[in-house]
Amino acid sequence: MNVRDATFEGVRAVNRDARHWQILALSGLFLISVYTTDFGARPMHLISAFSGAMTAQALGSLIVRTRFEWKSAAITSLSLSILMRAVDPWMWFAAGIIAIGLKFAVRYKGKHIFNPACIGIVVMCLVFGRDVWVSPGQWGQAPLIAGWALALAALVLSSAKRLDIALGFIGTFAAILFGRALWLGDPMAIPMHQLSSGTLLVFTFFMITDPRSTPDSRAGRLIFAASVASLTAWFIIGPNVRAAPLMALAALSILTPVLDRLIPASRFQWGTHSKSKEGRTHETQTYPGRRSAGAGLAQP
Amino acid sequence: MKLRHILGGAALGLASLSLSAPAQAFCGFFVAKADTDLFNDASKVALVRDDERTVITMASDYRGEPSEFAMVIPVVDVPEREQINVADPGLIEHLDEYTAPRLVEYHDENPCDVYRYRDAVAMAAPEAGGAIDDMAMEEAEDLGVTIEAEYEVGEYDILILSAEESDGLISWLNQNGYRIPDGAEEVVGSYLKQGMKFFVAKVNLERHDGAGFLRPIQVAYEDEDFMLPIRLGTVNAEGKQELFVFAMTRKGRVETTNYKTVKLPSDMDVPIFVKDEFGEFYKDMFAHQVEKENGKAVFMEYAWDMSWCDPCAAEPLSRSQLRELGVMWLDEDGQQPEPRPGFRPGPQPVDVFVTRLHLRYDGKTFPQDLTFQVTGDRDNYQGRYVLRHPWRGDFNECEAARDYADDLVDRWDQEAENLAKLTGWDEDEIKDKMAAGGYSEASINIDLEPKEKKPWWQRLWGNG
Chain A
318 MNVRDATFEG
328 VRAVNRDARH
338 WQILALSGLF
348 LISVYTTDFG
358 ARPMHLISAF
368 SGAMTAQALG
378 SLIVRTRFEW
388 KSAAITSLSL
398 SILMRAVDPW
408 MWFAAGIIAI
418 GLKFAVRYKG
428 KHIFNPACIG
438 IVVMCLVFGR
448 DVWVSPGQWG
458 QAPLIAGWAL
468 ALAALVLSSA
478 KRLDIALGFI
488 GTFAAILFGR
498 ALWLGDPMAI
508 PMHQLSSGTL
518 LVFTFFMITD
528 PRSTPDSRAG
538 RLIFAASVAS
548 LTAWFIIGPN
558 VRAAPLMALA
568 ALSILTPVLD
578 RLIPASRFQW
588 GTHSKSKEGR
598 THETQTYPGR
608 RSAGAGLAQP
Chain B
954 MKLRHILGGA
964 ALGLASLSLS
974 APAQAFCGFF
984 VAKADTDLFN
994 DASKVALVRD
1004 DERTVITMAS
1014 DYRGEPSEFA
1024 MVIPVVDVPE
1034 REQINVADPG
1044 LIEHLDEYTA
1054 PRLVEYHDEN
1064 PCDVYRYRDA
1074 VAMAAPEAGG
1084 AIDDMAMEEA
1094 EDLGVTIEAE
1104 YEVGEYDILI
1114 LSAEESDGLI
1124 SWLNQNGYRI
1134 PDGAEEVVGS
1144 YLKQGMKFFV
1154 AKVNLERHDG
1164 AGFLRPIQVA
1174 YEDEDFMLPI
1184 RLGTVNAEGK
1194 QELFVFAMTR
1204 KGRVETTNYK
1214 TVKLPSDMDV
1224 PIFVKDEFGE
1234 FYKDMFAHQV
1244 EKENGKAVFM
1254 EYAWDMSWCD
1264 PCAAEPLSRS
1274 QLRELGVMWL
1284 DEDGQQPEPR
1294 PGFRPGPQPV
1304 DVFVTRLHLR
1314 YDGKTFPQDL
1324 TFQVTGDRDN
1334 YQGRYVLRHP
1344 WRGDFNECEA
1354 ARDYADDLVD
1364 RWDQEAENLA
1374 KLTGWDEDEI
1384 KDKMAAGGYS
1394 EASINIDLEP
1404 KEKKPWWQRL
1414 WGNG
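Chains as they are written, first to last, in the numbering used here: chain A, 318 to 617; chain B, 954 to 1417.
So this is what it looks like as structure tokens:
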């Protein structure tokens, strides 16, 4: 096999699952955070989060008897270490356990309600107060531009095709901020500045776009995105809620089952483009009315 | 109530940074230095925060005519008289000294002695360480300005104003001796639309005792927002503004949520001559680091538990000083924290964590008001720069002395490189300056032929 074929094979292997692109992009963001910030992500935190998430994933898989699946847990760990700050390394472990644990525990009609990393951080913030926090301002200009490019590329390349919800969210959020600036007579530099946040970037491309905890229909997703954007903006302008986008997403996640009921559409599944050799998808999903052993293994 | 900006119509003039303190023994000797007027036009603000309770102390080193002094700050609510106070100007000065970047020095010992000097030398034992007239009222009404409250506090006459339009408010302020810079309409208008009021202060000459300084104004308030309004300060076209924020919490470090917070580079060896120009060094280092961050970062210069310090640029603030600055939790819950194990404990251990933030801003690099958050991070950090005085003896006295001479030259190169990196000063000029002071290879005379350098593995374990 020559180099060109090898490269082609490599890209195909990555392309087999949208999450591969996400893992690559998040790893890039993680490295940017490690190397360009004084108060950013640290490898130790990633290891801690990864251990927690994998522990929960292993236990969860055992309990509901699905095949162990590492990709989503890896994405969750990366998001946790990029976004969350805490006083002790074990707190990332705890966040990983909570994130993946709630993914197994809180489900409606076979679909988990909360984005794992989001609910992990939100629960930790609520339980530990100031010992856990999110630092939205800790990205410089250049790393941010690189980050947006990376994130956008990952989303476009990935087969998740959830650009609609990302654009819906960021579009609504930007419209609110720019509208407010116009009304106040503020310079446009202010909303521009508010939009250049690393937290917002990771949130937009790797959290709210999570196809498994967002509505199945496009209309539902757009309504959902706009609601989260509006609540986030209000949290920031009004009561100064910390970790605003995460809090908004966690609070509104219960809308997803409602929207799925009102506007039904076919359920998203990871990696359906090219299933594994056995023709299975490796998710924690269980189907309505079939919560028995092996239910997580979709039939081809 | 929340506060949105500090600005002097006549400006909070500022001369900050004095690093004076007695030299004392600790690990290395603290080098006393006093510099004034390093940063012109800087403001110094102490913020005490616990949940939603906040006390802000705004200091000015305003040295002009008291009659020319004015201060305009946006606030959300109308504060009561009891919420406003004037503080002893020494408080902020002390806080500034306690948190200032520091220079320490070590003296190398005779390398021929058995106990060769190492960096990790045992630490020395800690030592104990106006009234508005009717005319103005009428004018105010005509211009759509309402005087919500009027207080006399210390030497200040304070008014809380609300207004329908920014034009009217600005006209009124200008008519009443507050010189509002051109171009403030938009910012003032934005604050008014957000339902904010304006807190304005002028000096009442009858109550002013003629002292050369004005006392800092303090306001205690409760608000969910933890922020500092800086936008009005960016209006006047006098270039960049300098701001020091001393944040005190019981929890831990304070950081900005809407701007990047970076640590000022620290713990580096620098050439001895920096001792004589530490002020210049700090100023140029800060400017250089700001440039490296494209002017868009807030610098953390100090983050420390107020119970102690090591080395101390000044003693930690006492409980009564802290109380005066607004630390409201000291007497609550009858708390008497245990003394911390550590060097140089303060007179009374206190549950206060102080963060010193320093920023240079204008409307372009800092378009938005600063918002902060309290974190649980209690890692201590300080801006500390080290001078190492070489041993000056006969380098031919023993083998160890010759090795030492070799190391010395490498060390000086490193010091020059550090200084160039920190400040952006020219490295060759630094080396020339060091040579002139006798810190170069030429100043070391070894009679013997330069010995062959040992292979690195011999130096590694010292068994060669």
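C-beta: ideal position from N, C-alpha, C; glycine also.
As computed with DSSP, residue 1151(B) is found in a beta bridge with 1027(B) and 1114(B).
In this chain, the alpha helix (DSSP H) harbouring residue 546(A) covers 535 to 554.
Its chain contains 565, 568 and 569 as the residues whose beta carbon lies nearer than 7 Å to that of residue 548(A), once the 5 sequence neighbours on both sides are disregarded; these appear in chain order. Considering only beta carbons, the part of the segment 433 to 455 of chain A lying closer than 9 Å to chain B consists of 445, 446, 447, 448, 449, 450, 451, 452, 453, 454 and 455, in chain order.
The alpha-carbon separation between residue 551(A) and residue 544(A) amounts to approximately 11 Å. A distance below 6 Å between beta-carbons, with the five flanking residues on each side excluded, links residue 420(A) to the following residues of its chain, in chain order: 429 and 433. Counting only runs of 3+ residues, no beta strand (DSSP E) is found wholly inside the segment 458 to 538 of chain A. In this structure the segment 1094 to 1106 of chain B touches the segment 1029 to 1046 of chain B; the number of beta carbon pairs closer than 8 Å is three or more. CA-CA distance, residue 412(A) to residue 1153(B), rounds to 47 Å. Here residue 1306(B) is buried: its Cβ has 16 or more other Cβ atoms, across all protein chains shown, within 10 Å. Within the same chain, and ignoring the five residues on either side of residue 1314(B) in sequence, the residues whose Cβ sits closer than 7 Å to its Cβ are 1183, 1187, 1193, 1194 and 1196. Taken in chain order, the complete beta strand (DSSP E) segments of 3 or more residues contained in the segment 1153 to 1207 of chain B are 1170 to 1175 and 1194 to 1202. DSSP places residue 1317(B) in the coil class of the three-state scheme, outside both helix and strand.
With respect to the 7 Å criterion, residue 1310(B) and residue 1251(B) are classified as neighbours on the basis of their beta carbons. Below 8 Å, enough C-beta pairs join the segment 1053 to 1061 of chain B and the segment 1337 to 1345 of chain B to call them touching: three or more. Around the CB of residue 1413(B), fewer than 16 other CB atoms lie within 10 Å, so the residue is classed as exposed. Of all residues in the segment 1324 to 1352 of chain B, only 1324, 1326, 1327, 1328, 1329, 1330 and 1331 come within less than 8 Å of chain A when Cβ atoms are compared, listed by chain position. Annotation: residue 453(A) to residue 520(A) spans about 11 Å, alpha carbon to alpha carbon. Under the criterion of beta carbons closer than 8 Å, residue 1022(B) and residue 1156(B) qualify as touching, at roughly 5 Å. The Cβ atoms of residue 1140(B) and residue 1114(B) do not sit closer than 7 Å to each other. Rounded to whole angstroms, residue 1268(B) and residue 1051(B) show a C-alpha spacing of 6 Å.
Between the segment 495 to 505 of chain A and the segment 440 to 456 of chain A, the count of Cβ pairs shorter than 8 Å is below three; the stretches do not touch. When secondary structure is reduced to three states using DSSP, residue 1212(B) falls in the coil class, being assigned neither helix nor strand.
Within the DSSP secondary-structure output, residue 1056(B) pairs in a beta bridge with 1338(B).
Annotated three-state conformation of residue 447(A) is helix, per DSSP.
By the neighbour-count criterion, in which 16 or more other beta carbons inside 10 Å mark a residue as buried, residue 1347(B) falls on the exposed side.
Residue 470(A) and residue 1056(B) have their alpha carbons spaced roughly 48 Å apart. A contact is defined here as three or more CB-CB pairs under 8 Å, and the segment 354 to 367 of chain A meets this definition with respect to the segment 377 to 397 of chain A. For the pair residue 1109(B) and residue 1118(B), the Cα-to-Cα distance works out to about 26 Å. Not a single CB atom of chain B sits nearer than 7 Å to the CB of residue 543(A). When beta bridges are read from the DSSP output, residue 1311(B) appears opposite 1197(B) and 1252(B). Here residue 417(A) is not near residue 375(A), since their CB atoms are 7 Å or more apart.
Residue burial is scored here from C-beta neighbours: residue 1239(B) has at least 16 other C-beta atoms within 10 angstroms and is therefore classed as buried.
Residues of the segment 1207 to 1218 of chain B with a Cβ closer than 8 Å to any Cβ of chain A, in chain order: 1208, 1209, 1210, 1211, 1212, 1213, 1214, 1215 and 1216.
For the C-beta of residue 507(A), the chain B residues within less than 7 Å are, from N- to C-terminus, 1320 and 1321. Counting along the chain, residue 364(A) sits inside the alpha helix (DSSP H) bounded by residues 360 to 381.
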